[in-house]
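**Student:** Line by line, the protein sequences give chains A and B. Residue numbering for the first sequence is 1 to 269, as defined by the working numbering. Residue numbering for the second sequence is 1001 to 1294, as defined by the working numbering.
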Amino acid sequence: MKQQFPRLLVLVFGAFLLFQFFMPHEKSEWLYEYLLDWIIIIGIFALAIGIWSLIRVHVDKIKNKKIGWQYSYVTLAGLVGFIVFGFTIRNGAEWGWYFPFVLSVVGMFLMIIQAMASRAKVAMFAGLAGVFALTALLIGIFDKAFSFHFATSEGLQAYMFVHSFDFILIPIFATMFSLLAFFIASAAYRAFRARSIMATLLLLSAIIVMLRFNPYLEPVFGSYISQTSSWLMNVPNLAAQRAIVMGVGLGIVATGLKVILGIERKYMG
Amino acid sequence: MNIFDKMMSLDRRWVFLFLIVVCVIAYIVPFEVPIIVEPEVRSIFNFIDTLPKGAIMFIPLDYDPGSMAELHPMTWAIVEQCWRKELKVLMTALSQNGPGMADQALRDIADSMLVEKTYNGVTYPPREIINGIDYCFLGYKPYPSMVMLAMGQNFRLPFPLDYYGVPLDSLPMMQGVNNFDDIAGAVNISGTNSTDYWISYAQGRFNFPLAIGVTGVSTAQYYPYLGSGQIFGIMGGMLGAAEYEELADNPGNAKDSMRIQLAAHLVIIGFVIIGNVGYFMNRRQKKRMQREGR
Chain A
1 MKQQFPRLLV
11 LVFGAFLLFQ
21 FFMPHEKSEW
31 LYEYLLDWII
41 IIGIFALAIG
51 IWSLIRVHVD
61 KIKNKKIGWQ
71 YSYVTLAGLV
81 GFIVFGFTIR
91 NGAEWGWYFP
101 FVLSVVGMFL
111 MIIQAMASRA
121 KVAMFAGLAG
131 VFALTALLIG
141 IFDKAFSFHF
151 ATSEGLQAYM
161 FVHSFDFILI
171 PIFATMFSLL
181 AFFIASAAYR
191 AFRARSIMAT
201 LLLLSAIIVM
211 LRFNPYLEPV
221 FGSYISQTSS
231 WLMNVPNLAA
241 QRAIVMGVGL
251 GIVATGLKVI
261 LGIERKYMG
Chain B
1001 MNIFDKMMSL
1011 DRRWVFLFLI
1021 VVCVIAYIVP
1031 FEVPIIVEPE
1041 VRSIFNFIDT
1051 LPKGAIMFIP
1061 LDYDPGSMAE
1071 LHPMTWAIVE
1081 QCWRKELKVL
1091 MTALSQNGPG
1101 MADQALRDIA
1111 DSMLVEKTYN
1121 GVTYPPREII
1131 NGIDYCFLGY
1141 KPYPSMVMLA
1151 MGQNFRLPFP
1161 LDYYGVPLDS
1171 LPMMQGVNNF
1181 DDIAGAVNIS
1191 GTNSTDYWIS
1201 YAQGRFNFPL
1211 AIGVTGVSTA
1221 QYYPYLGSGQ
1231 IFGIMGGMLG
1241 AAEYEELADN
1251 PGNAKDSMRI
1261 QLAAHLVIIG
1271 FVIIGNVGYF
1281 MNRRQKKRMQ
1291 REGR
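1. Report back the beta-carbon spacing between A77/A and V57/A to the nearest angstrom; my notes put them in contact at under 8 Å.
2. Between A117/A and chain B, is there a C-beta pair that is closer than 8 Å?
3. If you drop the 5 nearest sequence neighbours on each side, which residues of the same chain put their C-beta closer than 7 Å to that of N1120/B?
4. Could you pull the DSSP bridge partners for P1167/B from this structure?
5. Do we get a CB-CB distance below 8 Å when we pair M124/A with the residues of chain B?
6. I think I139/A touches S104/A, with their Cβ atoms under 8 Å apart; what is that distance to the nearest whole Å?
7. What is the rounded straight-line gap between the Cα of N91/A and the Cα of L137/A?
8. Using 8 Å as the limit for Cβ to Cβ distance, is D1064/B near chain A?
9. Identify the continuous alpha helix (DSSP H) that holds L1010/B and give its terminal residues.
10. At a Cβ cut of 7 Å, what residues of the region 1218-1231 of chain B count as close to chain A, listed as they run along the chain?
11. From the DSSP secondary-structure annotation, give me the bridge partner or partners of N1154/B.
12. What separation, rounded to the nearest whole angstrom, lies between the Cα atoms of K1117/B and Q1081/B?
13. DSSP has I1212/B in a bridge; who is on the other side?
14. Taking the Cβ atom as the reference point for each residue, do A188/A and I1268/B lie within a distance shorter than 8 Å?
15. Please list, in chain order, the residues of the region 129-158 of chain A that have any C-beta partner in chain B closer than 8 Å.
16. Can you tell me which of V1272/B, R1288/B, P1224/B puts its alpha carbon nearest to the alpha carbon of M1007/B?
17. Under the assumption that G1252/B contacts R193/A (Cβ atoms under 8 Å), give the Cβ distance between them as a whole number of angstroms.
18. Are any of the Cβ atoms in chain A nearer than 8 Å to that of V1089/B?
19. Could you name the residues of chain A that I1269/B contacts, counting a contact when the two beta carbons are closer than 8 Å?
20. R90/A CB to nearest chain B CB: under 8 Å?
21. Measure from the alpha carbon of G1233/B to the alpha carbon of each residue in A1110/B, I1044/B, A1150/B, then state which is nearest.
22. Taking I1212/B as the reference, which of F1018/B, F1004/B, V1041/B, E1245/B has the closest Cα?
23. Could you tell me whether the Cβ atoms of S1009/B and S1095/B are closer together than 8 Å?
24. Can you grab the Cα-Cα spacing for the pair I1003/B / G1278/B, in whole Å?
25. Are T1075/B and A1055/B closer than 8 Å when you measure CB to CB?
26. Can you check DSSP and say which residues form a bridge with D1062/B?
27. From A110/A to Y73/A, what distance separates their C-alpha atoms?
28. According to DSSP, what are the bridge partners of C1082/B?
29. Helix, strand or coil: which one does DSSP assign to F22/A?
30. Check the Cβ-Cβ distances between P6/A and every residue of chain B, and say whether any is below 8 Å.
31. Could you tell me if T1062/B is buried or exposed, where buried requires 16 or more neighbouring beta carbons within 10 angstroms of its beta carbon?
32. Between the alpha carbons of I89/A and H25/A, how many angstroms are there, rounded?
33. Can you round the beta-carbon distance between A1241/B and E1038/B to whole angstroms, since I take them to be within the 8 Å contact cut?
34. Which residue's Cα is closest to the Cα of M1235/B: A1077/B, I1133/B, P1125/B, D1162/B?
35. For chain B, find out if any of its Cβ atoms is closer than 8 Å to the Cβ of D60/A; answer yes or no.
36. Below 9 Å on C-beta distance, what does V1033/B contact in chain D?
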């Protein structure tokens, strides 16, 4: 029963969504919209599971002192910090006790994590978590410099939320991505060797595509490089990509049918 | 180890050092790189340029800060073009960090609209951009494909409120705007695989004009959709963004960065040539030694 009921659900809903595409009836549309709402709601629950999974992974790292376990505290503090920034908003020009409040919440969370990860002194960390929680609660109740917005989107425009994104997250991501340029340069130097005819073709294609926007070569080669580059993108590349897309598409259809008919069951774990 | 062996196996730190030095010099020394505009970029510009005032352009932004250097200039050039032409902009962000990117872009571009500017010989007076009248930002919801299908029914299904918590029905711009039938066209600017979903689930099912702006590395994989007519234009990476800035007569970060990209590409090509010269000379030397029986 534990196996058959989920398979029955997959069969019914999978088949319905498959045939619904061809049924423009009002009731079928209504049911389709209702199911779409469901899927989005289930997706939001998946986010909660994702956060729980992140916490579990990092608690495990701290507990077993795995390589780089210290950075897990930074990750978890960042997680809680961003959540606090997103749900709180400054009421006037004064910050009041806002930052002690944020530190108390982060401290409480880290003490809970420490209590979960520790084999000894659990009571001490739990007690400290309680002290931080009480501090955060008192500041939250008595400080009128900031307020909480759990049901509205005001927090998304909060100073700390927006500025943390603009001035912390964006530079971090941009830096990580910029490093790719160096690795690509090094990888291209090592990998692009004309060892065979195919490798030579790949090498020449790469060079032509890289040179296509070099306007200083136009007096020497005319529009030859630009035209060759366009041809490479629009003919050989298009042919190969189209074959891949069609292959993947057929594969998706086959897998979808296997899931609906209960032949493919790996998704149940 | 002879000179050819050395040419083949340079320490990668030399590659890094040379690349950074060349990039820094290209960044410091100002010179302009003339831009050659490709037809697939021109078609996007022409599409937006010929839309009537008040038409709605749908611009889903699905990228994270990592792709910002390549994709943010596209967003900037297109949204500014739309607003200068008095078009309305509808936006979503279906990648996790996308809402922050979109919010930042909207704030910055709205600020730039407060200044009088001349593009392609036409002077546009300063204008205040108002949320709900000139644009509507719907925000983020998980499961992009499902959100797209729901938007195809009605934007209010996945987004009853906009990103700022305002009900869509109370926004003047959204009066009578229900689904993809009510938009003039869409340009998906994406650093993720959500572009596949926009093509398959949204354009494929609801059949509206769609163009894409993607990172340089993923450009090649979307050419089949251009050939089949499922998309009417592609902007690929920073080059695509620079081409768009050139067309819009709105030089920004992409056009400015082209000299650095050009220099970096020349360095990469230079190292590839060094490696191959070393490889061939080494092979020739080994063959000669074999022939001579050494």
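Beta carbons are placed, not taken as given, at the ideal position from N, Cα and C, and that holds for glycine.
**Tutor:** So, from the listed chains and residues:
1. As a first step, residue 77/A is located in the first sequence; it is residue number 77 there, counting from the start. As a first step, residue 57/A is located in the first sequence; it is residue number 57 there, counting from the start. Actually they are not in contact, since the Cβ atoms of A77/A and V57/A sit about 15 Å apart, beyond 8 Å.
2. Here the question's residue 117/A lines up with position 117 in the first sequence. Chain B contact via Cβ: absent.
3. Counting from one through the second sequence, the residue named residue 1120/B turns up at place 120. Within the same chain, N1120/B has close Cβ partners D1249.
4. The residue given as residue 1167/B occupies position 167 in the second sequence. DSSP, once it has assigned bridges, lists L1161/B as partnering P1167/B.
5. The count along the first sequence starts at 1 and reaches residue 124/A at position 124. Not one chain B Cβ lies under 8 Å of M124/A.
6. Residue numbering aside, residue 139/A sits at position 139 when the first sequence is read from its first letter. Residue numbering aside, residue 104/A sits at position 104 when the first sequence is read from its first letter. 7 Å between Cβ atoms; contact.
7. On the first sequence, residue 91/A is found 91 positions in, with the first residue counted as 1. On the first sequence, residue 137/A is found 137 positions in, with the first residue counted as 1. Rounded to whole angstroms, N91/A to L137/A spans 18 Å at the Cα level.
8. As a first step, residue 1064/B must be located in the second sequence, where it is residue number 64. Closer than 8 Å: yes.
9. The residue labelled residue 1010/B in the question sits at position 10 within the second sequence. No alpha helix (DSSP H) contains L1010/B, which DSSP labels as neither H nor E.
10. So the close ones are A1220, Q1221, Y1223, P1224, G1227.
11. Here the question's residue 1154/B lines up with position 154 in the second sequence. DSSP, once it has assigned bridges, lists no residue as partnering N1154/B.
12. On the second sequence, residue 1117/B is found 117 positions in, with the first residue counted as 1. On the second sequence, residue 1081/B is found 81 positions in, with the first residue counted as 1. Cα to Cα, the separation comes out at about 11 Å.
13. As a working note, residue 1212/B is residue 212 in the second sequence. BP columns for I1212/B point to N1188/B, I1234/B.
14. Residue mapping note: residue 188/A aligns to position 188 of the first sequence, counting from 1. Residue mapping note: residue 1268/B aligns to position 268 of the second sequence, counting from 1. Cβ distance < 8 Å, so A188/A and I1268/B count as in contact.
15. Listed in chain order, the positions of the region 129-158 of chain A with a beta carbon within less than 8 Å of a beta carbon of chain B are T152, S153, E154, L156, Q157.
16. Indexing the second sequence from 1 puts residue 1007/B at position 7. Checking every option, the nearest Cα to that of M1007/B belongs to V1272/B.
17. The residue given as residue 1252/B occupies position 252 in the second sequence. The residue given as residue 193/A occupies position 193 in the first sequence. Incorrect: roughly 38 Å between the Cβ atoms, too far for contact.
18. Taking the second sequence and counting its residues from 1, one reaches residue 1089/B at position 89. No, V1089/B lies away from the interface with chain A (no Cβ there is under 8 Å from its Cβ).
19. For this step, residue 1269/B is matched to residue 269 along the second sequence. Near I1269/B (Cβ distances below 8 Å), the residues of chain A are I207, M210, L211.
20. Here residue 90/A refers to the residue found at position 90 when the first sequence is read from its first residue. Chain B, which has no Cβ nearer than 8 Å to the Cβ of R90/A, makes this no.
21. For the purposes of this step, residue 1233/B is identified with residue 233 of the second sequence, where counting begins at 1. Per the Cα distances, I1044/B.
22. By 1-based counting over the second sequence, the position of residue 1212/B is 212. It is V1041/B whose Cα lies nearest to the Cα of I1212/B.
23. Mapped onto the second sequence, residue 1009/B falls at position 9. Mapped onto the second sequence, residue 1095/B falls at position 95. No, these two residues do not count as a Cβ contact at 8 Å.
24. Residue numbering aside, residue 1003/B sits at position 3 when the second sequence is read from its first letter. Residue numbering aside, residue 1278/B sits at position 278 when the second sequence is read from its first letter. When rounded, the distance between both Cα atoms is 8 Å.
25. Position 75 of the second sequence, counting from 1, holds the residue named residue 1075/B. Position 55 of the second sequence, counting from 1, holds the residue named residue 1055/B. No, Cβ-Cβ distance for T1075/B and A1055/B is not below 8 Å.
26. Residue numbering aside, residue 1062/B sits at position 62 when the second sequence is read from its first letter. BP columns for D1062/B point to S1190/B.
27. Within the first sequence, residue 110/A is the residue found at index 110, counting from 1. Within the first sequence, residue 73/A is the residue found at index 73, counting from 1. Per the sequence shown, the amino acid found at residue 110/A is Leu instead of Ala. Separation of L110/A and Y73/A (C-alpha to C-alpha, rounded to the nearest whole angstrom) is 7 Å.
28. Mapped onto the second sequence, residue 1082/B falls at position 82. Looking at the DSSP assignment, C1082/B forms no beta bridge with any residue, so it has no partner.
29. On the first sequence, residue 22/A is found 22 positions in, with the first residue counted as 1. F22/A falls in the coil class under three-state DSSP.
30. Counting from one through the first sequence, the residue named residue 6/A turns up at place 6. No, P6/A lies away from the interface with chain B (no Cβ there is under 8 Å from its Cβ).
31. The sequence position of residue 1062/B within the second sequence is 62, counting from 1. The identity of residue 1062/B in the sequence shown is Asp, whereas the question assumes Thr. So D1062/B ends up on the buried side.
32. To locate residue 89/A, count along the first sequence from 1; it is residue 89. To locate residue 25/A, count along the first sequence from 1; it is residue 25. Going from the Cα of I89/A to the Cα of H25/A covers about 47 Å.
33. Taking the first residue of the second sequence as position 1, residue 1241/B is located at position 241. Taking the first residue of the second sequence as position 1, residue 1038/B is located at position 38. No, A1241/B and E1038/B are not in contact; Cβ-Cβ is about 12 Å, not under 8 Å.
34. The residue you call residue 1235/B lines up with position 235 of the second sequence. The residue with the shortest Cα to Cα distance from M1235/B is A1077/B.
35. As a position in the first sequence, residue 60/A is number 60, starting the count at 1. D60/A does not count as touching chain B.
36. The chain labelled as chain D is not found among the protein chains of the depicted structure, namely A and B.
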